[in-house]
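In our numbering, the protein residues as written are 46 to 339.
Glycine included, C-beta positions come from ideal geometry on N, C-alpha and C.
Values in this document were obtained by computation on a predicted structure and should not be read as measured data.
To keep things clear, I will list the structure first and then write my remarks on it.
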Amino acid sequence: MTDLGSLNYFLGISAQRSSSGLFLSQSKFAEEILERAHMQHCNPCRTPVDTESKLGSDGDPVSDPTLYRSLAGALQYLTFTRPDISYAVQQVCLYMHDPRAPHFTALKRILRYVRGTLTFGLQIHASTTAQLTAYTDADWAGCPVTRRSTSGYCVFLGDNLLSWSAKRQVTLSRSSAEAEYRGVANVVAETAWIRNLLLELHAPLTTATLVYCDNVSAVYLTTNPVQHQRTKHIEIDIHFVRDYVASGQVRVLHIPSRFQYADIFTKGLPSALFCDFCSSLNVRRSPVLTAGEY
């Protein structure tokens, strides 16, 4: 092993240290993506995804599907420090096998948003808080083509965002409670892995993981031992979560939708709410910018 000193740049991610902690950014990589798309001077937009419509399989095939796939793959890598574009990128990546004109339009909207937020990155705060908190949400039957749901979650250690995901569920859900509960099971599995990792790093957590869900039925299912007919088909997920709840490692709590940060990973949001959630996820401008600089 070689000591290379303080971390400054690694795999396209720059790390800037300050009194407030560590700022991770891929602004240089974002500029390269815009240059590849010939959109260095495009007009920026406030959000990366349209709130009015969902992507389907209609429209004319794009003239250069290779460029589409290249840009979509590059944007996937950009999500390593930009959780704010995770949902929008996940949506355009669903159609990489057969991209159509509306898909390319959606991809260009993401690039316009990136153009206006080039200096944004992920802020990691210096903190001694050892509370693991997760938010999970699902957009039931949100895909107009397959009617599958989109799950999203984010996991915080103290005030720092550790893990996030926006992913279409692999099976159909017959109710919103089922879709939400599958999302709970996914985030509980993620937090269990993080807890085991911290244990191996000799920093075990002594408090239960708090999982916030905005679906009351899904919250009740985590503690209700009665197996109803309508939930037998998700029995494995139910028992998986209940075991962690019963052992005291996890507590699943209800949270109002206006405070559900995981909404940003499952659907398009109005610009005001989107900006508020971005700030809550610690996505912000570089702290080293001078006054008046965007």
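Annotation for Asp288: the continuous alpha helix (DSSP H) segment containing it runs Glu280 to Ala291.
If you compare the alpha carbons of Arg213, Cys258, Leu207 and Thr178 with that of Thr191, the shortest gap goes to Arg213.
Per the Cβ contact rule, the segment 147 to 165 is not in contact with the segment 198 to 206 (fewer than 3 Cβ pairs under 8 angstroms).
Looking from the CA of Tyr54, the closest CA among Val94, Arg145, Pro189 and Phe74 belongs to Phe74.
DSSP links Phe55 through a beta bridge to Ile58.
In this chain, Lys153 is not harboured by any beta strand (DSSP E); it is covered by the alpha helix (DSSP H) spanning Ala146 to Gly161.
Measuring C-alpha to C-alpha distances from Cys320 to each of Arg91, Thr47, Ser63 and Gly50 identifies Arg91 as the nearest.
Taking C-alpha positions only, Val107 is separated from Thr126 by approximately 29 angstroms.
Following the DSSP letters along the chain, one finds Asn231 inside the alpha helix (DSSP H) bounded by residues Ser221 to Glu245. Judged by pairs of C-beta atoms under 8 angstroms, the segment 208 to 225 touches the segment 305 to 324, as three or more such pairs exist. Take Thr174, set aside five residues on each side of it, and the residues of its chain with a beta-carbon closer than 6 angstroms to its own are Gly203, in chain order. In this structure, DSSP gives Cys320 a helical state, which the three-state scheme calls helix. In the displayed model, Ile300 falls within coil according to three-state DSSP, outside both helix and strand.
Following the DSSP letters along the chain, one finds Gly118 in no beta strand (DSSP E) but inside the alpha helix (DSSP H) bounded by residues Pro110 to Leu123. The distance from the Cβ of Ser218 to that of Ser194 is about 5 angstroms, consistent with a contact at the 8 angstroms cut-off.
Within 10 angstroms of the beta-carbon of Asp105 lie fewer than 16 other beta-carbons, which makes it exposed.
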